[in-house]
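Q: Have a look at the structure that comes next, please.
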Amino acid sequence: MGIYNDQIVPRIVDVACGAKFLDPQRKRVCAGLHGRVVEIGFGSGLNAPFYPAAVQSISAVEPADLGWKLAAGRLAETAVPIERAGLDGQSLPFADNSFDTALSTWTMCTIPDIATALAEVRRVLVPGGTLHFVEHGLAPDPKVQVWQHRLNPIQKVIAGGCHLDRDIRGLVETAGFGIRDIAIFYERGPKFLTALTFGVAVSP
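Residues in the sequence shown are numbered from -19 upward in steps of one, following the numbering used here.
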C-alpha cells in the first residue's frame, strides 16, 4: 500500500479533482482569500489559477512528494508566492495567529484526525480569520447516506484513506468555528461521491 498511496493515489487525485467542471467551485471558494493563506492539502496545486490578487502568499501543507512534483507547472504560472511549508495538517509548523485566511478543498475527507487538524487551523488563524472550504462528505439525503456508509470501507482503501461520510459542517462547527456561509448540494456524478459542502467559517 505504500507504493500505491505514494505513487498512484496522487495521480488519481490530480485527474479526478482536476476535472474542469469543478473549476467554478474552486473559483468560488478561493474568491474571499486574502493576505497570508495556509492551504491544507495543497495536492497538485489545482487551486493556484484561482488565487485572487488579495493573496500575499500561500503556505502549502502537502504530505505527498509526488503531488508537489505534479504541481510544478501550476506553480510556474502563478504570480503568488507559494512555498511547501508543512507535511501534516494535524501538526502545523506555524506560530499562533500566523495567517489571515485558510483554504481546504477536497481534503477533510482524508486527514486521519480531522478534529485535530481543524483545531490546528484555528490556532494558526488570526482572530476573525476565515476558513474557506469545499469538500465532499455526508449527503443530505438518508438513502444516499446508507450507501455512503456501506461503501466507505472500500473507498478508504482505494482512495488513500478518503471517507465518503464525514459531516463536514458538523466537524467545522465542533472545532469552534462560526459558519458565515454554507451550501450543501450535489455536483455532477454519483450522489454518494459528489455531495459537496461549500462554506466560509470564522475563527473566534
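From the three backbone atoms N, C-alpha and C, an ideal C-beta is built for every residue, glycine too.
(1) Would you kindly work out how many angstroms separate the C-alpha atoms of lysine 171 and alanine 56, rounded to a whole number?
(2) For my contact list, methionine 88 and leucine 151 are in at a C-beta cut-off of 8 Å; report their separation, rounded to the angstrom.
(3) For tyrosine -16, does the three-state DSSP call read helix, strand or coil?
(4) Under 8 Å, do phenylalanine 113 and serine 84 count as touching if we go by C-beta distance?
(5) Considering only their Cβ atoms, is the gap separating threonine 177 from arginine 149 smaller than 8 Å?
(6) In the DSSP output, what is leucine 83 paired with across the bridge?
(7) Check whether the Cβ atoms of aspartate 121 and leucine 50 lie closer than 8 Å to each other.
(8) At what residue ranges does the segment 93 to 170 contain a whole run of the beta strand (DSSP E), taking only runs of 3 or more?
(9) When you compare each of Val9, Ala(-4), Cys142 and Arg54 to valine 180 by their alpha carbons, which one comes out closest?
(10) With 16 other CB atoms within 10 Å as the buried threshold, where does arginine 130 fall?
(11) Is the beta carbon of valine 182 closer than 8 Å to that of phenylalanine 157?
(12) Rounded to the nearest angstrom, how far is the Cβ of glutamate 19 from that of valine 41, given a contact under 8 Å?
A: Taking the definition as stated:
(1) In a straight line, the C-alpha of lysine 171 is about 35 Å away from that of alanine 56.
(2) Yes, methionine 88 and leucine 151 are in contact; Cβ-Cβ is about 7 Å, under 8 Å.
(3) Here tyrosine -16 sits in helix by DSSP.
(4) Yes.
(5) With contacts defined as CB atoms closer than 8 Å, arginine 149 and threonine 177 qualify as a contacting pair.
(6) In DSSP, leucine 83 forms a bridge with Glu19 and His112.
(7) No, Cβ-Cβ distance for aspartate 121 and leucine 50 is not below 8 Å.
(8) List check, beta strand (DSSP E) in window: 105 to 116 and 158 to 166.
(9) Taking each of Val9, Ala(-4), Cys142 and Arg54 in turn and checking the Cα distance to valine 180, the smallest one comes out for Val9.
(10) Burial call: exposed.
(11) At the C-beta level, phenylalanine 157 and valine 182 come within 8 Å of one another.
(12) In this structure glutamate 19 touches valine 41 by the C-beta definition: roughly 7 Å separates them, less than 8 Å.
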